[in-house]
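Q: Below you'll find the structure I mean.
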Amino acid sequence: MRSKIVRQLQEVNKELWLLLMMFAILAGVNYLISSERMLLGFYVLPSVYAAYFRGRRHATLTALLSLLLVVLIVYTNPRLFTIEGRVRIVAEKWWDIAVWGGTLLVIAYAMGTLYEKKQAQILELREAYKGIVVILYSMTAHDKYTHDHSFRVAAYATTIAKCLGFDSDRVGDVWDASLLHDLGKLDTSRELLYKAERFTASEYEEMKKHVEKGAMQIPSVKGRLNRIIPIILAHHDRFDGSGYHPTKGEEIPLEARVIAVADVYDAMTSDRPYAKAMSPLAAKEAIAKGAGTDFDPSVVKAFVKAFQSGSLEVDFTALDMVRA
10 MRSKIVRQLQ EVNKELWLLL MMFAILAGVN YLISSERMLL GFYVLPSVYA AYFRGRRHAT
70 LTALLSLLLV VLIVYTNPRL FTIEGRVRIV AEKWWDIAVW GGTLLVIAYA MGTLYEKKQA
130 QILELREAYK GIVVILYSMT AHDKYTHDHS FRVAAYATTI AKCLGFDSDR VGDVWDASLL
190 HDLGKLDTSR ELLYKAERFT ASEYEEMKKH VEKGAMQIPS VKGRLNRIIP IILAHHDRFD
250 GSGYHPTKGE EIPLEARVIA VADVYDAMTS DRPYAKAMSP LAAKEAIAKG AGTDFDPSVV
310 KAFVKAFQSG SLEVDFTALD MVRA
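Under our numbering, residues 10 to 333 are what the sequence shown spells out, in order.
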């Protein structure tokens with residue numbers, strides 16, 4: 010039981026422990042230099058906040074401003090620091106404030122430095138992740154339709170996701186999953202992909218395998234790449250359970266439900282071997298009719314809103330840059 014508690018304590022966010030330690034140090038210093046006044050502790054909060062969210066420069070400036078503010082308050086109202094009704098010795102009082110202020114500046118600088126190092130590591134990981142996505146996406150370059158289709162689906166899906174109020178991380182997941190959602194088609198025969206006639210039962214089963222094949226080509230690592238695998242696996246699932254897998258409704262990741270609408274919209278508005286492109290308006294009406302059966306009604310509502318606002322427009326200049 011004891012070892013379990015220790016493990017749980019070790020798993021607590023290290024940054025939280027850092028914050029608690031900083032408060033303990035400042036509280037101890039504050040007690041030693043002025044046991045009758047704990048008010049100085051409240052001036053620590055802005056510096057801690059600035060260090061944790063804004064970095065070293067903001068933290069140090071905030072600490073300096075807090076110190077100057079305390080000096081100004083004590084100078085204009087010396088009675089704040091009294092002991093049993095007697096004004097403290099001036100030199101002792103200012104020494105206490107100097108020690109407190111110096112400690113605050115050092116802690117603010119140290120915490121701000123840790124924050125910036127953490128942000129640099131996060132940025133490095135994000136750049137590495139983007140590189141992996143670009144490499145995987147570039148694997149579809151020899152198949153122009155799949156390559157361009159994936160880009161357009163990503164553009165449509167992220168627009169719909171924003172209409173649904175997704176935060177930046179979820180929008181990023183939708184973008185990346187959209188770019189890679191047809192990666193498995195690289196292992197599907199060209200004849201099957203471009204067949205003009207309706208699939209036979211065996212051909213349909215073979216086509217369905219591209220979802221799992223695509224997910225298998227993505228490195229199995231923790232973090233964002235691991236988050237998009239379930240999205241890719243579910244993007245052909247239908248809201249009523251009639252898709253590639255028996256999952257339905259809320260069981261399907263919302264990101265996958267978004268990509269499903271974007272995927273079908275682009276397929277309908279693009280020329281394919283087995284069908285001519287529909288007009289965007291006709292495709293919109295067809296998707297609207299599928300709300301509640303093929304598609305999530307809330308996603309369709311966001312799609313229609315984006316369509317009517319003119320937001321569903323692909324930047325083909327950006328597409329050319331990606332292809333290059």
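Glycine included, each C-beta is placed from N, C-alpha and C at the ideal position.
Assign P262 to one of two classes, buried (16 or more other C-beta atoms within 10 Å of its C-beta) or exposed (fewer than that).
A: Classification for P262: buried.
Q: Distance check for T168 and E264, CA to CA, integer angstroms please.
A: Spanning the two alpha carbons is a distance of roughly 12 Å.
Q: Ordered along the chain, which non-local residues of its own chain (more than five positions away) have a Cβ less than 6 Å from that of A166?
A: Contacts found: V183, S187, V267, I268 and A271.
Q: Grab me the residues of G181's own chain with a C-beta within less than 6 Å of its C-beta, minus the 5 sequence neighbours each way, in chain order.
A: The answer is none, since no qualifying residue turns up.
Q: Can you tell me the Cα-Cα spacing of G94 and S75, whole angstroms?
A: Summary for G94: the model assigns pLDDT 45, below 50, so the residue's position carries little reliability, and this model does not support an answer.
Q: Report buried or exposed for K293, applying the criterion of at least 16 other Cβ atoms within 10 angstroms of its Cβ.
A: Burial call: buried.
Q: Tell me the residue span of the alpha helix (DSSP H) that contains D280.
A: Element bounds for D280: n/a, residue is neither H nor E.
Q: Which same chain residues, not among the five before or five after G301, have their C-beta less than 7 Å away from its C-beta?
A: F248.
Q: Run through DSSP, which three-state label would F1 get?
A: Any answer about residue 1 is impossible in this case: the structure gives the chain only from 10 up to 333.
Q: Quick check: the Cα distance between I296 and S251, rounded to an integer number of angstroms?
A: C-alpha separation (whole angstroms): 16 Å.
Q: By the 10 Å Cβ neighbour count, where 16 or more other Cβ atoms means buried, how is N235 classified, buried or exposed?
A: The residue in question, N235, is exposed, as its Cβ has fewer than 16 Cβ neighbours within 10 Å.
Q: Three-state secondary structure (DSSP) at V313?
A: Helix.
Q: For N2, which three-state DSSP category applies?
A: Examination of residue 2 is not possible in this model, given that the chain is present from 10 through 333 alone.
Q: When you compare only the Cα positions, how much space is there between G121 and I131?
A: Approximately 15 Å, taken between the alpha carbons.
Q: May I ask which residues mark the beginning and end of the alpha helix (DSSP H) holding P55?
A: V53 to F62 is the extent of the alpha helix (DSSP H) around P55.
Q: Exposed or buried, which one is I82 when buried takes at least 16 other CB atoms within 10 Å?
A: Classification of I82: exposed, given that the 10 Å Cβ count is below 16.
Q: Please list, in chain order, all residues of the same chain as N86 whose beta carbon is under 6 Å from its beta carbon, the five residues on each side excluded.
A: Within the same chain, N86 has no close Cβ partners at all.
Q: Would you call the CB atoms of Y118 and R179 closer than 8 Å?
A: The answer is no: Cβ separation not under 8 Å.
Q: When you compare each of A68, I106 and G110 to Y124 by their alpha carbons, which one comes out closest?
A: The option with the nearest alpha carbon to Y124 is A68.
Q: To the nearest angstrom, report how far apart P239 and H245 are at their CA atoms.
A: Distance between the alpha carbons of P239 and H245 is about 11 Å.
Q: Put P289 into one of helix, strand or coil per three-state DSSP.
A: In this structure, P289 counts as helix in the three-state DSSP scheme.
Q: When the Cα atoms are used, what is the spatial distance from I237 to P255?
A: Cα-Cα distance, rounded: 19 Å.
Q: Between the beta-carbon of A284 and the beta-carbon of C172, is there less than 8 Å?
A: Taking 8 Å as the Cβ cut-off, A284 and C172 do not qualify as a contacting pair.
Q: Buried or exposed: F304, going by 16 or more other Cβ atoms within 10 Å of its Cβ?
A: Buried.
Q: On a CA-only basis, which of F316, S307 and A72 is nearest S288? Give me that one, please.
A: Minimum Cα distance to S288 is reached at F316.
Q: Starting from T256, trace the alpha helix (DSSP H) in both directions and tell me its first and last residue.
A: Here T256 belongs to no alpha helix (DSSP H), and DSSP marks it neither H nor E.
Q: Can you look up D249 in the DSSP assignment and give me helix, strand or coil?
A: Coil, per DSSP.
Q: I'd like the list of long-range same chain contacts for A243, defined as Cβ closer than 6 Å, with 5 residues on each side in sequence excluded.
A: Only I261, P262 and A265 meet the Cβ criterion.
Q: Quick check on DSSP: helix, strand or coil for G319?
A: Coil at G319, not helix or strand.
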